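Q: Chains as they are written, first to last, in my numbering: chain B, 1 to 271; chain G, 1001 to 1085.
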């Protein structure tokens, strides 16, 4: 069952029948099965039989009413998952090939340690393998796998740094921490100011300085290219929380990179 | 529009998920507010640089070893599982 809020009908008079049926047009869905129920309050005049909705009115509808069970083409990924569920290890190996690089990157960004990242890759895939039967196919397999990998990586981090609480919510309290303090323009091609090794070092040290909750969101969204919704699913966060952390992560990274990339006052910014 | 309002929408602006009207308001703000223009432009560059940086790539030999270890552990796991019937 899902709850769909009714919009645009508050205050609209409804002629209530004995069974309190609502007009189908008010529901905005073409199919109205029996078995829905209304949550909310009505002011109801029993003589005129006119009712008014008061407050937020929600209607519980069976999922099938709103999301008809239309056959969706099975993605290549899901076809591999289904074969793996039936015991085809070659299919699972193909899933490993597809995502091992991504899981390794994510794990190393979180743990900041190569050996830990290698362990996370193995543990995440093993856990996925052992729990394939429990994967309900309500998200992409990759999103589910990322969720497992992030949890494994955070566990590593906690074990290694027991003095620090690693919480995905620890940084949300601050409101203005990422408002730019310094607005300095950058050189037109900042990445060309340094050689490849220097640039890699700068980027690594800069992102490692971010709080883990921000870093993880930034890596999933901006490095790995997950959508906001997928990131929220993988991290078990709300969408507004993902957006808020992403904004702060981006602004903090930008500000930390200022010292390396900003234009030199006297010249053209090149070193 | 205040600069703080612009910043609140920056992520949506950079991700291109704003409705036309809000985007137009932000574009107007950027046209006259140099600071916000710089913040927006350098934040976009920040994202691009990290996206293209290829930090933490998995070397091919390590990749092969990891995959082999994973599959052999999966196989051991399968053998240790009781028959499903």
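Glycine included, each C-beta is placed from N, C-alpha and C at the ideal position.
Please read all numbers here as calculations on a predicted model, not as lab measurements.
Hey, how far is the Cα of residue 1042/G from the Cα of residue 1005/G?
A: Position 42 of the second chain, counted from the first residue, corresponds to residue 1042/G. Position 5 of the second chain, counted from the first residue, corresponds to residue 1005/G. Near 18 Å, if we compare the C-alpha coordinates of residue 1005/G and residue 1042/G.
Q: Given that residue 186/B touches chain G, what residues does it touch there, using C-beta distances under 7 Å?
A: Locating residue 186/B in the first chain gives position 186, where the first residue counts as 1. The answer, in chain order, is 1042 and 1045.
Q: Mind checking residue 108/B: buried by the 16 CB within 10 Å criterion, or exposed?
A: Looking up residue 108/B in the first chain gives position 108. Result: buried.
Q: Could you name the residues of the same chain whose beta carbon sits closer than 6 Å to that of residue 141/B, not counting the 5 residues immediately before and after it, in chain order?
A: Residue numbering aside, residue 141/B sits at position 141 when the first chain is read from its first letter. Closer than 6 Å at the Cβ level, and outside the excluded window around residue 141/B, lie 77 and 81.
Q: Starting from the beta carbon of residue 204/B, find every residue of chain G whose beta carbon is closer than 7 Å, and list them in chain order.
A: Reading the first chain from its first residue, position 204 is the one you call residue 204/B. Ordered by position in chain G, the residues that pass the 7 Å Cβ test against residue 204/B are 1055.
Q: Could you tell me whether the segment 248-258 of chain B touches the segment 225-239 of chain B, using the rule of 3 or more Cβ pairs below 8 Å?
A: Verdict: no, contact absent.
Q: Against chain G, which members of the segment 240-251 of chain B pass a CB distance test of less than 8 Å?
A: Listed in sequence order: 243, 246, 247, 250 and 251.
Q: At the level of alpha carbons, what is the spacing between residue 1014/G and residue 259/B?
A: For the purposes of this step, residue 1014/G is taken as residue 14 along the second chain, with counting starting at 1. For the purposes of this step, residue 259/B is taken as residue 259 along the first chain, with counting starting at 1. Computed Cα separation, rounded: 23 Å.
Q: Does the Cβ-Cβ distance between residue 1050/G and residue 223/B come in under 8 Å?
A: Here residue 1050/G is taken as the residue at index 50 of the second chain, counted from 1. Here residue 223/B is taken as the residue at index 223 of the first chain, counted from 1. Yes; because the gap between Cβ atoms is below 8 Å, this pair is in contact.
Q: For residue 185/B, collect the residues of the same chain with a Cβ closer than 6 Å to its Cβ; drop the 5 residues on either side in sequence, then sort them by chain order.
A: Sequence index remark: in the first chain, residue 185/B carries index 185 (1-based). Correct list, in chain order: 263.
Q: Could you tell me whether any Cβ in chain G is nearer than 8 Å to the Cβ of residue 233/B?
A: In the first chain, counting from the first residue as 1, residue 233/B sits at position 233. Not one chain G Cβ lies under 8 Å of residue 233/B.
Q: Using the three-state DSSP reduction, which class does residue 128/B fall into: helix, strand or coil?
A: Start at 1 with the first residue of the first chain, and residue 128/B comes out as number 128. DSSP places residue 128/B in helix when its eight states are reduced to three.
Q: Per DSSP, what kind of secondary structure is residue 262/B in: helix, strand or coil?
A: In the first chain, the residue the question calls residue 262/B occupies position 262. Correct three-state label for residue 262/B: strand.
Q: Along the segment 1062-1080 of chain G, what residues have a CB closer than 8 Å to any CB found in chain B?
A: Going along the segment 1062-1080 of chain G in chain order, one finds 1062, 1063, 1066, 1067, 1069, 1070, 1071, 1073, 1074, 1075, 1077 and 1078 with a Cβ nearer than 8 Å to chain B.
Q: Where residue 254/B and residue 204/B are concerned, what is the direct C-alpha to C-alpha distance, given to the nearest angstrom?
A: Here the question's residue 254/B lines up with position 254 in the first chain. Here the question's residue 204/B lines up with position 204 in the first chain. So the alpha carbons of these two residues sit roughly 13 Å apart.
Q: Hey, quick one: how far does the alpha helix (DSSP H) through residue 1039/G stretch, first residue to last?
A: Within the second chain, numbered from 1, the residue matching residue 1039/G stands at position 39. It spans 1034-1051 - the alpha helix (DSSP H) in which residue 1039/G sits, taken as one unbroken run.
Q: Closest to residue 146/B by C-alpha separation, out of 93/B, 236/B, 206/B and 189/B, would be which residue?
A: Looking up residue 146/B in the first chain gives position 146. Comparing Cα-Cα distances from residue 146/B to each of 93/B, 236/B, 206/B and 189/B, the minimum goes to 236/B.
Q: Measuring CB to CB, does residue 106/B end up less than 8 Å from residue 149/B?
A: Translated into positions along the first chain, residue 106/B becomes position 106. Translated into positions along the first chain, residue 149/B becomes position 149. In this structure, residue 149/B lies closer than 8 Å to residue 106/B by Cβ.
Q: Would you kindly check if the distance between the Cβ of residue 83/B and the Cβ of residue 272/B is under 8 Å?
A: The structure shown does not extend to residue 272/B, since chain B spans only 1 to 271, so no value can be given for it.
Q: Alpha carbon to alpha carbon, how far is residue 1012/G from residue 1079/G?
A: Stepping through the second chain from its first residue, residue 1012/G is reached at position 12. Stepping through the second chain from its first residue, residue 1079/G is reached at position 79. Looking at the two C-alpha atoms, the distance is approximately 49 Å.
Q: Give a yes or no on whether the minimum CB-CB distance between residue 190/B and chain G is below 8 Å.
A: Residue mapping note: residue 190/B aligns to position 190 of the first chain, counting from 1. At least one chain G Cβ lies under 8 Å of residue 190/B.
Q: Distance check for residue 116/B and residue 159/B, CA to CA, integer angstroms please.
A: The sequence position of residue 159/B within the first chain is 159, counting from 1. The sequence position of residue 116/B within the first chain is 116, counting from 1. Approximately 11 Å between the Cα atoms of the pair.
Q: If you measure beta-carbon to beta-carbon, which residues of the segment 101-115 of chain B are closer than 7 Å to chain G?
A: Within the segment 101-115 of chain B, the residues whose Cβ lies closer than 7 Å to some Cβ of chain G are 101, 104, 105, 108 and 109, listed in chain order.
Q: Please report the straight-line C-alpha distance between residue 195/B and residue 188/B, rounded to a whole angstrom.
A: Translated into positions along the first chain, residue 195/B becomes position 195. Translated into positions along the first chain, residue 188/B becomes position 188. Computed Cα separation, rounded: 16 Å.
Q: Whole angstroms are fine: how far does the CA of residue 1029/G sit from the CA of residue 1021/G?
A: The residue you call residue 1021/G lines up with position 21 of the second chain. The residue you call residue 1029/G lines up with position 29 of the second chain. Distance between the alpha carbons of residue 1021/G and residue 1029/G is about 13 Å.
Q: Where do the ends of the alpha helix (DSSP H) carrying residue 1054/G lie?
A: Residue 1054/G sits at position 54 when you count from the first residue of the second chain. Residue 1054/G -> no alpha helix (DSSP H), and no H or E assigned at all.
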